[in-house]
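The block underneath contains the structure these notes are about, expressed in structure tokens.
So, in structure tokens, the structure goes:
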């Protein structure tokens, strides 16, 4: 159970930070550290689980980040299309769409 202590600390710190100011970059870093610590804690504790449940934990810990990358690329492309439609085809407005296309190009 001590493996989940850093996760709880980062989660509480994240909640406190969101309560103070939602727009701070610190909140994104703390949420990332919370997810990272939770993944590490789940991986260290998975050997105590029964066979099928341990396989599920291992699969989720490794598949969720891969799925998150695909979802991020999709959101960036959609945001880029929205910006082109609302604000025009200036180079600054194309950046998020190009970043999404770049993510998909790296995955291909």
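In the working numbering, the protein residues as written are 1 to 108.
From the three backbone atoms N, C-alpha and C, an ideal C-beta is built for every residue, glycine too.
- Scanning the region 4-66 for uninterrupted alpha helix (DSSP H) segments of 4 residues or longer gives 5-20, 25-45, listed from N- to C-terminal end.
- A direct Cα-to-Cα measurement between residue 55 and residue 64 gives close to 14 Å.
- The C-alpha of residue 96 lies about 17 Å from the C-alpha of residue 107.
- Assigned with DSSP and collapsed to three states, residue 83 falls in helix.
- Residue 86 and residue 79 have their C-alpha atoms some 11 Å from each other.
- Per DSSP, the unbroken alpha helix (DSSP H) holding residue 104 starts and ends at 91-107.
- Residue state for residue 88 is assigned as coil, using DSSP reduced to three classes.
- Here the C-alpha atom of residue 44 lies approximately 11 Å from the C-alpha atom of residue 61.
- At a Cβ-Cβ threshold of 9 Å, residue 72 and residue 100 count as neighbours.
- Taking the C-beta atoms as reference points, residue 31 is found nearer than 9 Å to residue 14.
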